[in-house]
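In what follows, a single structure is set out as structure tokens and then discussed.
Residue numbers (this note's numbering): 1390 to 1568.
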């Protein structure tokens, strides 16, 4: 008896495929935007022709790290104090207190978005966190990343690494949307 589920390699949900000439807003996630930068042909095949990408395995450890950090920083958000890690690193940042923070984090049922009215293209995503700097009253978009390196991470070198370019693009997109 074969219990395997058949994989249908064609997208069937109407909103997943770009329809030229319609006035409907076409939504793409920031990860699909990154896919376009990585491979415009692959993006076209998926979003215009409807071919599905092969599924990637889940990132259970990364997801767990995200959830734990969000919960921990939420505690400091409620009491409006810097997290001890930030204090230890001489950073005067406080998790940003806003009634929509959970909505902005939920990329599937909320998130943040920007619609370009000239193209009817909406780019959307979900932030991990936003911190407030009381010294200059600026907000910072934060994305938690899990890694297995046992070394101090220097921001510039980290973001210049060819394997981390998508992280920089992700943050640039989120900052653009929030501005």
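Glycine included, C-beta positions come from ideal geometry on N, C-alpha and C.
Kindly indicate which residue of 1548, 1398, 1437 and 1425 has the alpha-carbon position closest to the one of residue 1407.
Among 1548, 1398, 1437 and 1425, the Cα nearest to that of residue 1407 is on 1437.
Looking at the secondary structure, which residues open and close the alpha helix (DSSP H) in which residue 1449 lies?
Run containing residue 1449: 1449-1468, per the alpha helix (DSSP H) assignment.
Taking 8 Å as the threshold, find out whether the stretch 1459-1467 comes into contact with the stretch 1495-1505 through three or more Cβ pairs.
They do not touch, by the three-pair rule.
Looking only at its chain, what residues have a beta carbon closer than 7 Å to the beta carbon of residue 1486, apart from the 5 residues adjacent to it on each side?
Same-chain partners within the cutoff: 1466 and 1469.
Use the C-beta contact count for residue 1448: other C-beta atoms within 10 angstroms, 16 or more gives buried, fewer gives exposed.
Looking at its Cβ environment, which holds fewer than 16 other Cβ atoms inside 10 Å, residue 1448 is exposed.
Taking DSSP's pairing of strands, which residues face residue 1398 in a bridge?
DSSP output for residue 1398 lists no bridge partner at all.
Under a Cβ-count criterion, where at least 16 other Cβ atoms within 10 Å of its own Cβ denotes burial, should residue 1474 be classed as buried or exposed?
Classification for residue 1474: exposed.
Run through DSSP, which three-state label would residue 1475 get?
If DSSP states are grouped into helix, strand and coil, residue 1475 belongs with the helices.
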